[in-house]
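Structure first, then comments.
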Amino acid sequence: ANTMKTMLQSSRSSAAGTLSIATLARPKNFKLLTRGAGAQFLLSVPHGAVNFAVLEYVRNRIHWLVHTSGYLGNKFQSEAWGPGLDFFSSAISTVCCSVVSTPQMMIVDNIMAGTYPNLPSA
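Counting from 1, one number per residue, gives the positions in the sequence shown under the working numbering.
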């Protein structure tokens, strides 16, 4: 679905003529719809690694900061704050990981749109 959306938004035409949902849904166009899948898989691995490494580091630092701080420790002793702190950690991790995810999305979207034929040429 992502490839189909990207191809339709890029306003490119194929050898079969103007692209439409009906044209892309034909069995002979299956290869077009898998374009960019390999790049997405290969580039998702470093993104996941960076995301979880940053998430765990930030989460541990926030929990350490809250529990060692006299003022914050008293305010956040309730278990109800745990999900909020985890959400905050996740938000910080997501912002930090945009350094990896933004170029990944740009490369994969351009492969899906047909700007580049494959990952090495991108």
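For glycine and all other residues, C-beta sits at the position ideal for the given N, C-alpha and C.
Problem - Under the three-state DSSP convention, the category residue 114 falls into - result: Taking the first residue of the sequence shown as position 1, residue 114 is located at position 114. Three-state DSSP puts residue 114 in coil, outside helix and strand.
Exercise for the section: Using beta-carbon positions only, say whether residue 97 and residue 51 come within less than 8 Å of one another. Expected result: If you number the sequence shown from 1, residue 97 lands on position 97. If you number the sequence shown from 1, residue 51 lands on position 51. Their beta carbons are under 8 Å apart, which means residue 97 touches residue 51 by this criterion.
Practice task
Report the residue from 93, 90, 119, 88 whose alpha carbon sits nearest the alpha carbon of residue 103.
Solution key: Counting from one through the sequence shown, the residue named residue 103 turns up at place 103. Answer by Cα proximity: 119.
Handout entry: Span separating the alpha-carbon of residue 101 from that of residue 67
Key = To locate residue 101, count along the sequence shown from 1; it is residue 101. To locate residue 67, count along the sequence shown from 1; it is residue 67. Residue 101 and residue 67: Cα-Cα distance of roughly 32 Å.
Handout entry: Outcome for residue 91 when other beta-carbon atoms lying within 10 angstroms are tallied against a minimum of 16
Key = For the purposes of this step, residue 91 is identified with residue 91 of the sequence shown, where counting begins at 1. Exposed, by the Cβ-count rule.
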